[in-house]
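Chemist:
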Amino acid sequence: METATVQWQVQEAKQRFSEVLRAAESDGPQTITRHGDAVAVVIDINEYRRLMPPDISFVDRLLVTFAELGDEVADVIDEVESERQHSMPREVDVFEDPAE
């Protein structure tokens, strides 16, 4: 069962901020309204952490993403990597004058 959130007008929430925080910890989400429209929600830090994705590195995120794509994509990546290993780099003369 989902509980209804308490609504606070911005001015009231500013004046009673400590009470808003205590209510978020004990009673659940607290909605902040401006001119009757919801503009923010104050939630308990544990609820926030539960809702947020885990903080992982970019490399780990890539590994997870590619793992989810399946073996077919891994085979294509292996094939491209294999082809690149056999190709020779082009020669570049860094001392050549481009105006000549």
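So that you can map any letter, position 77 of the sequence shown is 77 in my numbering, and since no number is skipped, the others follow by simple counting. Cβ atoms here follow ideal geometry from the backbone N, Cα and C, with glycine treated the same way. Model, not experiment: these values are computed from the prediction.
(1) Pair every Cβ in the segment 42 to 51 with every Cβ in the segment 25 to 33, then say whether three or more of these pairs are closer than 8 angstroms.
(2) Tell me which residue opens and which closes the alpha helix (DSSP H) that Arg-34 is part of.
(3) Just to confirm, is the Cβ distance from Val-20 to Ala-13 under 8 angstroms?
(4) From the DSSP secondary-structure annotation, give me the bridge partner or partners of Val-41.
(5) Using C-beta distances below 6 angstroms, list every residue in its chain close to Ala-40, excluding the 5 sequence neighbours before and after it, in chain order.
(6) According to the neighbour-count rule (16 or more other Cβ atoms, all chains shown, within 10 Å of its Cβ), is Val-64 buried or exposed?
(7) Can you round the beta-carbon distance between Ala-24 and Val-42 to whole angstroms, since I take them to be within the 8 angstroms contact cut?
(8) What does the alpha-carbon distance come out to for the pair Phe-66 and Arg-22?
(9) In angstroms with no decimal places, state the Cα-to-Cα distance between Pro-53 and Leu-62.
Modeler: Taking the geometry as given:
(1) yes
(2) Residue 34 sits at position 34 when you count from the first residue of the sequence shown. Not the alpha helix (DSSP H): Arg-34 falls in the beta strand (DSSP E), residues 30 to 34.
(3) As a working note, residue 20 is residue 20 in the sequence shown. As a working note, residue 13 is residue 13 in the sequence shown. The answer is yes: Cβ separation under 8 angstroms.
(4) Locating residue 41 in the sequence shown gives position 41, counting from the first residue. DSSP lists Thr-31 as partners of Val-41.
(5) Locating residue 40 in the sequence shown gives position 40, counting from the first residue. Correct list, in chain order: Ile-32.
(6) On the sequence shown, residue 64 is found 64 positions in, with the first residue counted as 1. Under this definition Val-64 is an exposed residue.
(7) Taking the sequence shown and counting its residues from 1, one reaches residue 24 at position 24. Taking the sequence shown and counting its residues from 1, one reaches residue 42 at position 42. Correct: roughly 5 angstroms between the Cβ atoms.
(8) As a working mapping, residue 66 is identified with position 66 in the sequence shown. As a working mapping, residue 22 is identified with position 22 in the sequence shown. Their backbone Cα atoms lie some 43 angstroms apart in a straight line.
(9) What you label residue 53 is simply residue 53 of the sequence shown in a count that begins at 1. What you label residue 62 is simply residue 62 of the sequence shown in a count that begins at 1. The straight-line gap from Cα to Cα measures roughly 15 angstroms.
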